[in-house]
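First up is the structure itself, then whatever we jot down about it.
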Amino acid sequence: VQAQLHAASASGGLPGLKANLKRQIGSYDRLPEHLARFALRALEGLPDGESLCHGDFHPGNILMAGATPAVIDWTNATQGDPDADVARTLLMLRIGELQPGTPMVIRVIATFARKIMASAYLRAYRRQRAVEPTAVRRWEIPVAAARVGDGIEEELPKLLAILEEQYDRAG
1 VQAQLHAASA SGGLPGLKAN LKRQIGSYDR LPEHLARFAL RALEGLPDGE
51 SLCHGDFHPG NILMAGATPA VIDWTNATQG DPDADVARTL LMLRIGELQP
101 GTPMVIRVIA TFARKIMASA YLRAYRRQRA VEPTAVRRWE IPVAAARVGD
151 GIEEELPKLL AILEEQYDRA G
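For what it's worth, the UniProt record's numbering labels the leading residue of the sequence shown as 1, then goes sequentially.
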């Protein structure tokens, strides 16, 4: 479904994805300054793109009406590089937190299922649209930095760890 969305051009009709990420990264006090600068530098060299990007594509935003999926929650929609949208979806699948009050047994199962879900998602996506894993990984830094601002307490340590690791690797 997401690959079909990405096939649509949003040229001129929606805010730019890179501009949104830049604004988000620059406005969060929870993101250490060195990581914000690092993420903004990483963002500079990435392509703009003109594809329709959902910005919050995850299983909770897909409703099934029979065999037909309906994507909801379009408040973060932008025009941009589809690889950025894929990177955000992968990030949410890998580290996204369950709702408070979720039973412990479900939390344990979800922990083990995350990698499987992320791999299955990427395989399904690649059947619809060719995607280069390195192109998606290049978006991980700015997408993770922007995700800090979503204010999900349980995700903050994971996001900061991802960013610090990438920062240390970059030297």
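Even glycine gets a Cβ: it sits at the ideal position worked out from N, Cα and C.
Using the Cα positions of Ala67 and Ala36, report the straight-line distance between them to the nearest angstrom.
-> Position 67 of the sequence shown, counting from 1, holds the residue named residue 67. Position 36 of the sequence shown, counting from 1, holds the residue named residue 36. Inter-residue distance for Ala67 and Ala36 is about 42 Å (C-alpha atoms, whole angstroms).
When you compare only the Cα positions, how much space is there between His54 and Leu5?
-> For this step, residue 54 is matched to residue 54 along the sequence shown. For this step, residue 5 is matched to residue 5 along the sequence shown. Their backbone Cα atoms lie some 8 Å apart in a straight line.
Would you decide whether Phe112 is buried or exposed? Buried here means 16 or more other CB atoms lie within 10 Å of its CB.
-> On the sequence shown, position 112 is the one that residue 112 refers to. By the 10 Å Cβ count, Phe112 comes out exposed.
Taking Ala120 as the reference, which of Pro59, Gly12, Tyr28 has the closest Cα?
-> Against the sequence shown, residue 120 aligns to sequence position 120. It is Pro59.
Report the residue from Ala8, Asp48, Gln128, Arg107 whose alpha carbon sits nearest the alpha carbon of Trp139.
-> Here residue 139 corresponds to residue number 139 of the sequence shown, with the count starting at 1. Nearest of Ala8, Asp48, Gln128, Arg107 to Trp139, Cα basis: Asp48.
Tell me where the alpha helix (DSSP H) around Ala110 begins and ends.
-> Locating residue 110 in the sequence shown gives position 110, where the first residue counts as 1. Going by DSSP, Ala110 is part of the alpha helix (DSSP H) stretching over 104-128.
Short check: CB of Ala146 to CB of Gln24, under 8 Å?
-> Within the sequence shown, residue 146 is the residue found at index 146, counting from 1. Within the sequence shown, residue 24 is the residue found at index 24, counting from 1. Going by C-beta atoms, Ala146 is nearer than 8 Å to Gln24.
Can you find at least 3 beta carbon pairs, one from the segment 90-109 and one from the segment 155-162, that sit closer than 8 Å?
-> Judged by Cβ distances under 8 Å, the segment 90-109 makes contact with the segment 155-162, as three or more pairs qualify.
If you draw a straight line from the C-alpha of Glu50 to the C-alpha of Ala170, how long is it?
-> Residue numbering aside, residue 50 sits at position 50 when the sequence shown is read from its first letter. Residue numbering aside, residue 170 sits at position 170 when the sequence shown is read from its first letter. Looking at the two C-alpha atoms, the distance is approximately 29 Å.
Out of Ala39, Arg107, Leu46, point me to the one whose CA is closest to Gly16's CA.
-> The sequence position of residue 16 within the sequence shown is 16, counting from 1. Of Ala39, Arg107, Leu46, the residue nearest in Cα terms is Leu46.
For Pro82, count neighbouring Cβ atoms within 10 angstroms of its own Cβ and tell me buried if that reaches 16, exposed if not.
-> For the purposes of this step, residue 82 is taken as the residue at position 82 of the sequence shown. Classification of Pro82: buried, given that the 10 Å Cβ count is 16 or more.
Pick helix, strand or coil for Val131, following the three-state DSSP scheme.
-> The count along the sequence shown starts at 1 and reaches residue 131 at position 131. Reduced to three states, the DSSP call for Val131 is coil.
Local Cβ density within 10 Å of Asp85, reported as buried at 16 or more and exposed below that = Numbered from its first residue, the sequence shown carries residue 85 at position 85. So Asp85 ends up on the buried side.
If you draw a straight line from the C-alpha of Met104 to the C-alpha of Ile162, how long is it?
-> Taking the sequence shown and counting its residues from 1, one reaches residue 104 at position 104. Taking the sequence shown and counting its residues from 1, one reaches residue 162 at position 162. A direct Cα-Cα distance of roughly 25 Å separates Met104 from Ile162.
Thinking just about the alpha-carbon of each residue, which of Ala19, Lys115, Ala130 is nearest to the one in Ala7?
-> For the purposes of this step, residue 7 is taken as the residue at position 7 of the sequence shown. Comparing Cα-Cα distances from Ala7 to each of Ala19, Lys115, Ala130, the minimum goes to Ala130.
Along the chain, where does the beta strand (DSSP E) that runs through Leu63 open and close?
-> For the purposes of this step, residue 63 is taken as residue 63 along the sequence shown, with counting starting at 1. Looking at the DSSP string, the run of the beta strand (DSSP E) that includes Leu63 is 62-65.
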